[in-house]
Amino acid sequence: MMTTDRPTVRQAISTLMLAALLVCAGGPAASAQDVAASNRVAARQAYDLAEGWMRQLRVAEFVLPIEIEGLAAVHVTIRKGGPTLGQATAAVADPAALDDNGKPGKPKRVDLMPLLQQATREAIKAAAVTLKAPNALVEEREKLLLDVQFAVNLKQVRAKNLRDLPSLITLDADGLSMRRATEWAWSLPSNNISTNANLLSQINRLLGELHYPLDKLQEVGQQDGPELYRCDVIHIVRPALDAEPVFLHRGNELLPTQPIMDKPLDALLVQLSGHLIHRQRQDGLFAGTYQPTSDIYEPAISAAPEMAVAAFALARTARLSRLDLEQRTLAQDAARKAVKALLDAQILKADDGAAIIKGPAVADLKMTALLLLSLMETPNTGDLKNDRLRLGTALSGMFNEETGWFADNNVKGAREATPIDQALGAAALARLFDQTREPAAARQAVAALDSLWKRVEKLGKEQSLDSTVDHLMPWLSYAETDLERLGQNRAERIEFLIGWGERMWKNQVQPLEGAQPDAVGGYLTTNGLFEEPTWQSAVTLAGQSVVLRHANAMAENDRIRWIVNAGMAARFIKQLTMQPSGAFYVRNPAEAIGGVRVSLWDNRQPLYTTSMALLSLAELKHTLAAMGGGGG
Numbered sequence: 001m002m003t004t005d006r007p008t009v010r011q012a013i014s015t016l017m018l019a020a021l022l023v024c025a026g027g028p029a030a031s032a033q034d035v036a037a038s039n040r041v042a043a044r045q046a047y048d049l050a051e052g053w054m055r056q057l058r059v060a061e062f063v064l065p066i067e068i069e070g071l072a073a074v075h076v077t078i079r080k081g082g083p084t085l086g087q088a089t090a091a092v093a094d095p096a097a098l099d100d101n102g103k104p105g106k107p108k109r110v111d112l113m114p115l116l117q118q119a120t121r122e123a124i125k126a127a128a129v130t131l132k133a134p135n136a137l138v139e140e141r142e143k144l145l146l147d148v149q150f151a152v153n154l155k156q157v158r159a160k161n162l163r164d165l166p167s168l169i170t171l172d173a174d175g176l177s178m179r180r181a182t183e184w185a186w187s188l189p190s191n192n193i194s195t196n197a198n199l200l201s202q203i204n205r206l207l208g209e210l211h212y213p214l215d216k217l218q219e220v221g222q223q224d225g226p227e228l229y230r231c232d233v234i235h236i237v238r239p240a241l242d243a244e245p246v247f248l249h250r251g252n253e254l255l256p257t258q259p260i261m262d263k264p265l266d267a268l269l270v271q272l273s274g275h276l277i278h279r280q281r282q283d284g285l286f287a288g289t290y291q292p293t294s295d296i297y298e299p300a301i302s303a304a305p306e307m308a309v310a311a312f313a314l315a316r317t318a319r320l321s322r323l324d325l326e327q328r329t330l331a332q333d334a335a336r337k338a339v340k341a342l343l344d345a346q347i348l349k350a351d352d353g354a355a356i357i358k359g360p361a362v363a364d365l366k367m368t369a370l371l372l373l374s375l376m377e378t379p380n381t382g383d384l385k386n387d388r389l390r391l392g393t394a395l396s397g398m399f400n401e402e403t404g405w406f407a408d409n410n411v412k413g414a415r416e417a418t419p420i421d422q423a424l425g426a427a428a429l430a431r432l433f434d435q436t437r438e439p440a441a442a443r444q445a446v447a448a449l450d451s452l453w454k455r456v457e458k459l460g461k462e463q464s465l466d467s468t469v470d471h472l473m474p475w476l477s478y479a480e481t482d483l484e485r486l487g488q489n490r491a492e493r494i495e496f497l498i499g500w501g502e503r504m505w506k507n508q509v510q511p512l513e514g515a516q517p518d519a520v521g522g523y524l525t526t527n528g529l530f531e532e533p534t535w536q537s538a539v540t541l542a543g544q545s546v547v548l549r550h551a552n553a554m555a556e557n558d559r560i561r562w563i564v565n566a567g568m569a570a571r572f573i574k575q576l577t578m579q580p581s582g583a584f585y586v587r588n589p590a591e592a593i594g595g596v597r598v599s600l601w602d603n604r605q606p607l608y609t610t611s612m613a614l615l616s617l618a619e620l621k622h623t624l625a626a627m628g629g630g631g632g
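In the working numbering, the protein residues as written are 1 to 632.
1. Taking the alpha helix (DSSP H) that T540 falls in, what are its first and last residues?
2. Is G359 helix, strand or coil by DSSP?
3. Identify which residue in H471, L465, F496 has its Cα closest to the Cα of E480.
4. For P305, count neighbouring Cβ atoms within 10 angstroms of its own Cβ and tell me buried if that reaches 16, exposed if not.
5. Can you name, in chain order, every residue of its own chain whose Cβ lies under 8 Å from the Cβ of A613, other than the five neighbours on each side?
6. Considering only the alpha carbon of each residue, which of N409, S167, P580 lies closest to E253?
7. What would DSSP say about H235, mapped onto helix, strand or coil?
8. Just confirm the distance between the C-beta atoms of I124 and I78, as a whole number of angstroms; I'd bet it's less than 8 Å.
9. Who are the near neighbours of D295 in its chain, counting only those whose CB is closer than 6 Å to its CB and skipping five residues on each side?
10. With DSSP collapsed to three states, give me the class of T89.
11. Looking only at its chain, what residues have a beta carbon closer than 8 Å to the beta carbon of A159, apart from the 5 residues adjacent to it on each side?
12. List the DSSP bridge partners of Y523.
13. Go through its chain and collect everything with a Cβ distance to M398's Cβ below 6 Å, but skip five positions before and after it.
14. So for T393, helix, strand or coil by DSSP?
15. Could you tell me which residues DSSP pairs with A185 in its beta bridges?
16. Taking C-beta to C-beta, are P189 and D215 nearer than 8 Å?
17. Assuming contact is defined by CB atoms lying nearer than 8 Å, are D144 and M54 in contact in what I supplied?
18. Applying the criterion that 16 or more other CB atoms from any shown protein chain within 10 Å of the CB defines a buried residue, is V309 buried or exposed?
19. Alpha carbon to alpha carbon, how far is N507 from L429?
20. With H, G and I counted as helix, E and B as strand and the rest as coil, what does DSSP make of S294?
21. What is the DSSP secondary structure of V110, reduced to helix, strand or coil?
22. Between A119 and V76, how many whole angstroms is the CB-CB distance? I'm expecting something under 8 Å.
23. For the structure I just gave you, are there three or more beta carbon pairs, one from the region 238-247 and one from the region 538-555, closer than 8 Å?
24. Per DSSP, which residues does Q56 bridge with? Please list them.
25. Could you name the residues of the same chain whose beta carbon sits closer than 7 Å to that of P533, not counting the 5 residues immediately before and after it, in chain order?
26. Provide the residue span of the beta strand (DSSP E) that contains F496, from first to last.
27. Using a Cβ-Cβ cut-off of 6 Å (strictly less than) and excluding sequence neighbours within five positions of D666, which residues of its own chain qualify?
28. Output the boundary residues of the alpha helix (DSSP H) element that contains R431.
29. If I measure Cβ to Cβ from A42 and keep anything under 8 Å in the same chain, skipping five residues before and after, which residues do I get?
30. With three or more beta-carbon pairs closer than 8 Å as the criterion, would you say the region 280-287 touches the region 338-345?
31. Let me know the secondary structure DSSP gives S467 once reduced to three states.
32. What is the DSSP secondary structure of K160, counted as helix, strand or coil?
33. Excluding the 5 residues preceding and the 5 following D482 in the sequence, name in chain order all residues of the same chain whose CB lies nearer than 7 Å to its CB.
34. Residues bridged to W405 by DSSP?
35. Can the beta-carbon of F150 be found closer than 8 Å to that of V233?
36. Work out the CA separation of L146 and P83 for me, nearest whole Å.
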């Protein structure tokens, strides 16, 4: 148990974070920060003026200059309830002259007012055309919202081939521009985030606007090919009529670079669990992937395994004794409702509608394991004991000590199960042993885990063993720690998982100079196209939180470091979670807010991403409680 009291923990966290921030601010970066701060002040002044012009539907002719260093273009968007009514871009006469091609030199200071006047005037005209009806814009002007982007620090992107571009551009943090002779086209974050446009579609749109032939795509950024530029963007928006204007980065407010703990962590848990409960239908099932841009769920009902994970995450949240009682009760009720709905969905019916068999004739390993885990974890499900027995029997039938795991219980024709499904099966068998305490269940759970480890070690020779293990989380951690807690000898495997948990901290994005500020706290665990953390960080945090509850997981003097790192991971999950300020383009904010996005550049919200994010935070809270740090 942790002996350090909580005020001391907080003081240590503050000291560590201050040291990290001082590293970020040291040296030459300080002057760059001064310039950035000055530019933001100027941009905010300009925003207030433009918003007044929009309300009056008239742009002032005579204005005092406001300068921004390195300004290349201004883009104004007028919105109503999210969708765009009108937009326009105004750029300096020769944006390329601002690019110093990497040579040292101070960027030019540019008066932004002529560009702001032009862009605002054209955006107002475009909005009037969109509304069509005479005087419609006059009637709607008090409901309009302003979105302004200032493109600064233009730099040419030079690539050997098209494949190099993702590593040279920070998607949706960088604005893009393309030149053809004296013509320029612009692609800026607000527009791309609101349409969820990927890099290829952004570049294709730039090529189209400049009337390049389609085959020029392969030459973008190369010698004699279409000239591509990237730029920083100062983005200001009023997200709602009752909200203040905010600065956004990749379409979202940047969180402070500090761990999320205590009440802020509780608030995030409540937000995510509330979002899942909101997505639950009357019949207990959950809606599928939410698309904030188009305000649709696609599919309308999520896949059954994803719904089972949602139920499990809510059940783990319901067991957080220090969380608000009302919220725990809501989570418990939602989990039970989902479990019962999923159990009912497994009933095959005859033509006359009568139930003929409880459970499909061929049971799927993934679904069986997840449903069994969710049922056993949900409080107050004693009346479902027969369902637990049925699912447990089906699951046991999918494992053979000589041949290993099968993907379903139709063993003769079944294929070998995937490693992740095997991990799920092993976790469910271990938890089943916890409830039944039958020796046969223990033997099978141990044999199932040993069989999985043989497969994992084989895969680990082809790729990183840590990476292979990471993709099996948190289910592998659940299985091993449950069996170890129940008296089985798992010391060697537990020792490896503890080492894995420690090694994964090396993949965490730190608040250092050069790191994207919204990526801080996430884990670089996949070979993604853009080499940035995604929702998969929740998988890693969940697995770490489970295994590091073990008494031998860390030395006493390592616990503060672990708490800081875990709190930073929670910080990244919150950065992925859509907040009200990031819903400025969303047609239906009530559906989007609280959902966890796939990545910093992809606003889709699958049920699984929010469920896994909630599960990771719940496990973190349970671990803090076990460490005596005020968690669950």
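Virtual Cβ for every residue (Gly too), placed ideally from N, Cα, C.
On the basis of the supplied data:
1. Unbroken alpha helix (DSSP H) run through T540: 537-547.
2. Here the model assigns G359 a pLDDT of 47, short of 50, so the residue's position is not dependable, and the following value carries that caveat. The three-state reading of DSSP puts G359 in coil, since its state is none of H, G, I, E or B.
3. Residue nearest to E480 within the set H471, L465, F496 is F496 (criterion: CA-CA distance).
4. It counts as buried.
5. Within the same chain, A613 has close Cβ partners L272, W535, A538, I573, L576, T577, V596.
6. For E253, the nearest C-alpha among the options comes from P580.
7. H235: strand per DSSP, three-state reduction.
8. The pair is a contact, with the Cβ atoms about 7 Å apart (cut-off 8 Å).
9. The beta carbon of D295 sits closer than 6 Å to the beta carbons of R587, N588 from its chain, once the five residues preceding and following it are set aside; these are given in chain order.
10. Reduced to three states, the DSSP call for T89 is strand.
11. Closer than 8 Å at Cβ, skipping near neighbours: L165, L168, V220, G221, Q222, L228.
12. According to DSSP, which records beta bridges pairwise, Y523 is partnered with Q508.
13. Excluding positions up to five away in sequence, the list reads L365, F406, N409.
14. Reduced to three states, the DSSP call for T393 is helix.
15. In DSSP, A185 forms a bridge with M178.
16. No. Outside cutoff.
17. A small correction: the amino acid at residue 144 is Leu; Asp does not occupy that position in the sequence shown. In terms of Cβ geometry, L144 and M54 form a close pair [threshold 8 Å].
18. Residue environment for V309: buried (at least 16 other C-beta atoms within 10 angstroms of its C-beta).
19. Answer to the nearest angstrom: the Cα atoms are 31 Å apart.
20. Three-state DSSP puts S294 in coil, outside helix and strand.
21. Reduced to three states, the DSSP call for V110 is strand.
22. Sure, about 4 Å apart at Cβ, within 8 Å.
23. They do not touch, by the three-pair rule.
24. Per DSSP, none; premise fails for Q56.
25. For P533, where only same-chain residues beyond five positions count, the Cβ hits under 7 Å are V509, A519, G522, Y523, L524, F572.
26. Careful: F496 lies outside any beta strand (DSSP E), inside the alpha helix (DSSP H) at 491-503.
27. The structure shown has nothing for residue 666, since the chain only spans 1 to 632.
28. Residues 419-436.
29. The answer, listed in chain order, is I66, E67, I68, L112.
30. The region 280-287 vs the region 338-345: in contact.
31. Three-state DSSP puts S467 in a helix.
32. Reduced to three states, the DSSP call for K160 is coil.
33. Closer than 7 Å at Cβ, skipping near neighbours: A430, R431, D434.
34. Paired residue(s): F399.
35. At the C-beta level, F150 and V233 come within 8 Å of one another.
36. Distance from the CA of P83 to the CA of L146, rounded to the nearest whole angstrom, comes to 11 Å.
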